[in-house]
Every structure is written in structure tokens, then in C-alpha cells.
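One gets the working numbering by counting positions in the sequence shown from 1 and adding 80 to each. Inspection log for the structure reproduced underneath, given as C-alpha cells.
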Amino acid sequence: MNGKDGERLRERLVVVGSVNPTKIEAVRRICQRAWPGCRVEGADVPSGVPAQPIGEEETLAGARQRAHAAMARHPAAWLAIGLEGGVDRAGNLLAVCCAVDDGGRENAAWGLRMPLPQHVARAVLEGEELGPLLERLSGQAGIGRGQGAVGLFTAGLIDRTRLWEAAVAGALAPWLAPEWYRPDEEA
């Protein structure tokens, strides 16, 4: 990135389609490393999917909806980020990030996918929401705003913020390395 582009980006707002502190912090960490000085803010927007998304399609739809709703709510934003967690039909934890810019360009990337314990996966697939279920089973209040399922099941080696960081970086790849993501390039 040349100096002029860097200056322009540092002044820009990145809005996250969530007020969950772990999601906002993940976006802040990645964006501050990429574009020091950029502002990152959260926005309380709907996902447009059930509280517990099931399957890749529903989880991705939630991330996309969050990104687009955040951009609509904050038209001064340069980028909007939607993050959505879900569970696939095989009982794996899903994490997806969708980024959309002020020109309508969109990209999505998946984060860590890991198996949930069978009894947890079964309960979620039968209709329970993962966060409240884990709060009840673990006795930890607010688990979805802290370590999350990933922190619980990795003994804290990966917390929810770190889970989201990789997905955010992947979704931002076209803006981080634009020379590799030109639509007119051929291999």
C-alpha cells in the first residue's frame, strides 16, 4: 500500500455488525495492525437468521446480513464487517466473517471449524441455542461475550476473540493485498 492510500485508510471508519465485545475486539486488532489509526465501532443490527444458525448457508447469510445492515446504518463507514457463528449439521462449530466496502465489494472467509462434544451438538441440532446451553452446562454466565465455546473446549488456548481474528483477516484479504485480488487478472 502506498503512503497516500495508507493515509486515506487511517482516517476511515470500520463498523462491525455487532455490539458483542469479542467480535468488535477481533476486528479492532486486525484493522489496527493493517491500518493504524482507523476507527472501529460496533452497531446493533439484526442478523436476519435464527438466534442459533444451523448450517453453512444460514451462518453465511447471517454474516452477510450483519455486514450490509451495518453499512446501511453507518453510511460514512469505509468497511462493514459481519461475523456469525453457527453449527453445521455434522455438529461442528462454524465461524464466518463477511466484509463489504462502501462501493459494494464483498468478501467472506471462514474461521476455525471444530467438532462440538456430541451431547452439545445434539442439543443444539434439536433446537437449543449454543450460548445459553453452555452457560447452563458450565455455570459460566456470559460465555458468548467472553471465551465462547471455543475457549471452553480448547481449555482457553483459543478464545472467542482469537477465533474471529483469522476469519476477519481472511475476509479482508482483498483490501489487505489488493494487488492479488484484481478482477481482471488471469493466472
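Backbone N, C-alpha and C fix where the C-beta goes; we use that ideal spot for every residue, glycine too.
Other residues of its chain near residue i: CB distance less than 6 Å, five sequence neighbours each side excluded
i           : result
residue 145 : 127 and 128
residue 172 : 193 and 195
residue 241 : 102, 105 and 106
residue 121 : 95
residue 228 : 240
residue 182 : 158
residue 142 : 127, 129, 133 and 164
residue 111 : 94, 118 and 120
residue 201 : 171
residue 238 : 230
residue 249 : 110
Unbroken alpha helix (DSSP H) run spanning residue i, endpoints
i           : result
residue 105 : 101 to 114
residue 140 : 136 to 153
Pairwise C-alpha distance: residue j and residue i
i           : j           : result
residue 92  : residue 180 : 14 Å
residue 159 : residue 153 : 12 Å
residue 253 : residue 260 : 9 Å
residue 199 : residue 213 : 11 Å
residue 156 : residue 217 : 42 Å
residue 232 : residue 177 : 21 Å
residue 197 : residue 161 : 29 Å
Residue i classed as buried or exposed, judged by whether at least 16 other C-beta atoms fall within 10 angstroms
i           : result
residue 98  : buried
residue 133 : buried
residue 219 : exposed
residue 257 : exposed
residue 108 : buried
Run of the beta strand (DSSP E) containing residue i, from where it starts to where it stops
i           : result
residue 175 : 172 to 181
residue 119 : 119 to 122
residue 131 : That residue, residue 131, is in no beta strand (DSSP E); it is neither H nor E in DSSP.
residue 93  : 93 to 96
residue 190 : 186 to 190
residue 164 : 159 to 167
Whether residue i touches residue j by CB criterion (8 Å)
i           : j           : result
residue 204 : residue 167 : yes
residue 140 : residue 247 : no
residue 207 : residue 244 : no
residue 185 : residue 100 : no
residue 272 : residue 135 : This structure gives no information on residue 272, because the portion of the chain shown stretches from 81 to 267.
residue 123 : residue 147 : no
residue 251 : residue 175 : no
Close beta carbons around residue i, own chain, < 7 Å, minus the five adjacent residues each side
i           : result
residue 210 : 132, 167, 204 and 229
residue 215 : 221 and 223
residue 234 : none
Own chain residues within Cβ distance below 8 Å of residue i, not counting five before or after
i           : result
residue 236 : 227
residue 138 : 129, 130 and 166
Residue i beta carbon near the ligand NAD (any heavy atom closer than 7 Å)
i           : result
residue 205 : The ligand NAD is absent from the structure shown, which contains no ligand whatsoever.
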